[in-house]
Amino acid sequence: MGKSGTDTQKPTKIEDVPKVGVFGLFRFTTGYDHFLLAVGTISAAIAGAALPSMSLLFAGLTKLFREYQTELITEDQFQAEINEYTLFFVYLAIGVFTTNYLFLSSFNWVGSRITHKIRNNYLQGLLRQEIAFFDYLGAGEVTTRIISDVNRVQEGISEKFVLIIHDFCTFLCGFIIAFCTDWRLSLMLLTLVPFVVFVVTGMMIVGLKFSTKSLDKYSSAGTIAEECISTIRTITSFNLQNRMSKRYQTGLVEGEKWSIKSTRIFALGVGAIFFILYCGYALAFFYGARLVAWELSTPENIIQVFFAIMMGSYALSSIGPYVQSVMKAQGAAAKLYQCIDRKSKIDPIADTGLKPAVVRGEIEFRNIKFTYPSRPEVQIYENLSLTAKHGETVALVGASGSGKSTVVQLLERFYDPDGGEVLLDGVPIKDLNLRWFRRQIGLVAQEPILFNGTIGQNIKRGLVGTPLENQSEEKQQEAIVEACKMANAHDFISSLPAKYDTNVGERGFLLSGGQKQRIAIARAIVRNPPILLLDEATSALDTQSEVLVQEALDRASEGRTTIVIAHRLSTIRNAHKIVVMERGRILEQGSHDELIANPNGPYSKLVSLQELKKTSEPEYTDESDEDTYHSENDIVGKPISRSPTSQNAFDPAYSQKSIHPQDEDEEYKPYSLVMFFTKIISAYRPYALQFCLGVIGAIILGLSFPAYAVIFAKMLKVFEIRDSQEMIDGADFWALMFVVLAVIIWTTNFLQLHFLDYCDAKLTTKLRTSAFESVLKQETGWFDRSSNSTGNITSKLSTDPQDISGLGGAVLGSIIQSSFNLFGSLIVSFIFGWKLAIVATVCVPILLFSGYFEDKSLQGFQKHNAKAYSKSSEIACEATGAVRTVAALTQEDVICDYYDQIMLGPLNYGFKKAYYSTLYFAISRGIEFLIFGLVFWYGGKLVINEGYTFETVVTIFTALAYGASSASGLLAFIPNIVKARKGATSLFGLIDRLPLIDSTPESQGKKLPTGDNDRPVSGKIEVERVQFYYPTRPGIKVLRGVNFTVQPGQFIALVGPSGCGKSTIISLIERFYDVTKGTIKIDGMDIRDYHLPSLRSHVALVGQEPSLYDMTIGENIASGVRSGHAKPTQEQIEKAAQQANLHDFVMSLPNGYNTSVGSKGTQLSGGQKQRVAIARALIRNPSILLLDEATSALDAESEKVVQQALDNAREGRTTLSIAHRLSTIQKADVILVFDKGYIVERGTHKELLEKKGTYYNMVNQQNLNENH
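By full-length UniProt numbering, the letter at position 193 of the sequence shown is numbered 193, and the numbering carries on one by one without gaps.
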């Protein structure tokens, strides 16, 4: 591209992230949402008040039992009163069931609605940003934000948020009851509240800060994953799996570090809250006993105050995990809202600006001064002036980095100049409506981007904003077909079984480079724009297609303004004006004839570099170009491999599945809970000490609540003592026991939360790393499935470990704690009164049954949403990864509408979840109160008939109250269990999956030495009777019995039209997949019998579309070193750069080899990227060099120098080169001419010219000087 330099180091912080307040989480609410929130809040408040209101019943029952035991009332009176209190429990149960159902369903539904809007607004906010914004944003971060972060927001504003309201109202109501009962004791206990508030506030502020930093680091790791998965063939060919896994792991470890800090603060805070509360219990009885002794209160009032405050404070202490979820939601929302609220500097969706009625298409660049925002120290233009008149074709030529493509960037208004103006028909384009303006332009970029969909759908995107947009399907199809005919694409499309309904795959990877280019051209001209921008529009085409497409473009240019950027000068000789550029300056301009008349001029020198030497004057012969559907294109994005053992795996019969990639999700064995926990505990082994400490803490913490029941009952018995001093002494002792219990609870809380969350953070890192490693080792064909697109896999790496960890850490600790609480409570109950305990225990299975049905309802919800969210992340990832194409086609609204449509599924299912699954939760809460009523009713019976004491009933009641609460608490984790099982099935299935072609270091086969000086491969290649079908296209034969032999050190060139099978040969040699029939041998041995990584260490590939990584130039070059080697020296890196004609350019940059290339190399021009890729290949010192259009992105001058470097690099090694520019392969020892999967000609350049066949005609078409 035309970026002449590259960037300095990325700023670590683009913009400050504004904090999001609690109420800011609900900013996307409507009137209907407000109504639901009001219903939910009122219901939560009523439900919260129900629990402390039990203190009134408990105090009344305490008085009733005391009166009966002191014979103040008769047995009949006692039984009648018990029955009445039991009815109150029934009424409470009905009220609790109703209000719990209302507040949970309301907030869950609102949460689904709000996050639906957040997702839509986030994507819209992204797509309306200026292009410079995306220089710092990876598509992997987008996936993380739109899936993981929005899920965090949903969790924080749904049940977790409303449970805070519920528990706070429990706390508030408890203290109100307490104050109304005994203000002295309540006032004393109220002094503890500021301490609790201080701890909670500090915990939220510090925890939120650490949580936000953790999310940022995890998002950066997500970008690394997206970058690697989208360039999987480069990763595979250079054996970069381990190196990239380490990069990914490094990003995860940074996130893990901040996550552990956050949980440590949380653990200390929650422990401190419990300590304060239990000290409050001690204070209540210490002071309460004295109030009774001083006759300022009664035992019943003390118990009522204590019970009300106990329930209120216990509810307050339970808020911790919910607050943590809200904190995480705030941290996640901060980044989401930052993008949503960010005002774009160049807004493509804004309605402002002029929309002239007539467009002539006169373009002027007036005194332009420009630097790219990402590298302000590198001046692109100092004072550029350029004009293109109406109907004129202006061609820009020059060396890579001369500033040619920057003209396109400024004209599309991807960037604004720092000085000067770009004008259309005399009007500054800044004053024009941007969307309207871009719809006047048809752009074909050097690396065409297609969207996942059919060929017809991709071309139809060009109709957006045109009069045809709202026409009938028939008229639109007519326009599409006509555009394809002009782009020389109709014939190959018509030859496909599904024709225009053929799926092109992610980023068009199911088509060859030439096929993609022609579809992109059709997409540009179907809108009939006044202005055409062609940035290397025919660079990926073979010579025959280039001639035909160029004629079509020449016709399309008639009557409209056209700006052409070209390295192949044959494509622009008919331009009205040719502008020769160098380092942002115009050296000369004029027509081809005018410029060529100056033999010493810059243009004449460029032309002479591309002249083909011919031994005789050829004749032009027209040949039709029938492309097979699958490809010859570069290695980027092909349906890849199959197992070497499955020679007969392909069904030659064509089916619908052969049109579209395998859409079926891979089925993995479902994980049961036993399998899940076995796997998780196994994964915790490296952290066994921390895990054991956490589990011990959870067990002791769980057992502390039954212990509390015993201490509480003993304390009540103290109030039966008539001697005041003895009562005070007894109260002081048991108050001390509460203090001891407070210390134990603080300690065990810290052990549970800190160490289990520590293990959880480690587990998340381990799972993500293991899954990422497994992804990178899969055979390339695995990536052809639509379910394994880049967006889907990146989403899976983010959400599945998160879902699994949702049953680890604090949640696992709570489950263990609740289980032992329930277990301990039952034991205490049976010890103190087995008859009453049996009756109460019978009710527990009812709770569990309601949990089971909740589990079943949620499983279907999770499974459906997983697919929908996966598809939505794919859309978002694809759109942001191709944001320039989206902007040029003004597709922002189209993509957002489609995304919204996809997300309606989860929204509707969210409605069902809100109103059905919460039913079972509400039932379990109502049953708790029925159990309480049953305990007192039957307890009364046992007091009358079996001699039970009030102490026994209270002990059993208190223990079972905690036990029932624990059982309900366990049910609250059912959604986590469902998500965890789904995530485990998906993630562990991926981790355990064995690739069909094993490229891991542990793979079998003959292992070759990979030392610096080792050259165990001579480079002889034998291709014998090779036939090949792509696994996803079994009905289309790509190679039809190809035979050829390459001797060691030979230079073999492969030429032919698009889709003829050239690049497939290279892919087979790299063993991205295996042949259907026949064999490929290297040094006489079938390549399937080699240890694949060591074989690839002696092979280097330079693809047509080079894939670089978000590292420095030096690091990108160094990544080409053979696997298992130490880091190359700076001298070795510079030597490889010099061989690739890169060194001088790199040294001209402020940071030299330490300059970052940006995500996917976006900070470099196409030619610069290509030279880095060549240097990366050469540092490998390969025995076999594979060049797939290795100089296609280079200008004539750079091509000559790099070609000389490649000529030198070929010395002593076997080279296979695919080329459309025939000037680059004239020196080949043998040229193989492919057509329709066959080799139709072979020989040297001279021999083939003498035959006057296919190759002869191809050379003739590329000769620039045949008329001179």
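All residues carry an ideal CB built from backbone N, CA and C; glycine is no exception.
These numbers were taken from a predicted model, which means no experiment stands behind them.
Query	Result
Among 776, 980 and 471, nearest to residue 243 - alpha-carbon criterion	776
Within 8 angstroms, strictly: CB atoms of residue 511 and residue 504	yes
Unbroken beta strand (DSSP E) run spanning residue 395, endpoints	393 to 398
CA-to-CA distance, residue 530 to residue 418, given in whole angstroms	27 angstroms
Contact check, residue 135 vs residue 1155, beta carbons under 8 angstroms	no
Residue 1061 burial status per 10 Å Cβ neighbour count (16 or more: buried)	buried
Cβ separation of residue 579 and residue 396, assumed to be a contact under 8 angstroms, to the nearest whole Å	5 angstroms
Any non-hydrogen atom of the ligand ZN within 7 angstroms of residue 821 CB	In the structure shown, the ligand ZN is absent, as is every other ligand, since no ligand is present at all.
With 16 other Cβ atoms within 10 Å as the buried cut-off, status of residue 30	exposed
Residue from 171, 180 and 176 with nearest C-alpha to residue 197	171
Simplified DSSP state of residue 481, which is helix, strand or coil	helix
One or two residues paired with residue 428 in a DSSP bridge	423
Test item: CB-CB of residue 799 and residue 465 under 8 angstroms	no
Coil, strand or helix - residue 618 by DSSP	In this prediction, residue 618 has a pLDDT of 38, which is less than 50 and means its spatial position is unreliable; what the coordinates show is noted afterwards. Three-state DSSP puts residue 618 in coil, outside helix and strand.
Paired residues, beta bridge with residue 938 - DSSP	DSSP, once it has assigned bridges, lists no residue as partnering residue 938.
Every unbroken beta strand (DSSP E) inside the stretch 1056 to 1105 [3 residues or more]	1077 to 1082 and 1099 to 1102
Local Cβ density within 10 Å of residue 467, reported as buried at 16 or more and exposed below that	exposed
Span separating the alpha-carbon of residue 966 from that of residue 373	57 angstroms
From 1110, 326 and 281, residue whose alpha carbon lies closest to that of residue 740	281
Spatial distance of residue 817 from residue 810 (CA atoms)	10 angstroms
Limits of the unbroken alpha helix (DSSP H) element including residue 743	724 to 750
Bridge partner(s) assigned by DSSP for residue 1174	Partner(s): none; residue 1174 has no beta bridge.
Span of the beta strand (DSSP E), counted from its first residue to its last, around residue 368	363 to 371
First and last residue of the uninterrupted alpha helix (DSSP H) at residue 53	31 to 69
Distance between residue 61 and residue 37 (C-alpha atoms, nearest Å)	36 angstroms
Ranges of the alpha helix (DSSP H) found wholly within the stretch 453 to 502, counting only runs of at least 4	455 to 460, 473 to 486 and 490 to 494
Under the three-state DSSP convention, the category residue 784 falls into	helix
Residue 1206 and residue 1190 closer than 8 angstroms at C-beta	yes
Bridge partners - residue 832, DSSP secondary structure assignment	In DSSP, residue 832 forms no bridge with anything.
Residues near residue 124 by beta carbon distance below 6 angstroms, same chain, minus five either side	896
Strand pairing of residue 314, partner residues [DSSP]	Residue 314 pairs with nothing; no bridge assigned.
Three-state secondary structure (DSSP) of residue 1030	strand
Residue nearest to residue 1214 in terms of C-alpha spacing, selected from 1048, 1114 and 447	1048
Candidates 180, 258 and 178, of which the one nearest residue 212 by Cα	258
DSSP state of residue 1149 mapped onto helix, strand, coil	coil
Any 3 or more C-beta pairs closer than 8 angstroms across the stretch 49 to 65 and the stretch 297 to 304	yes
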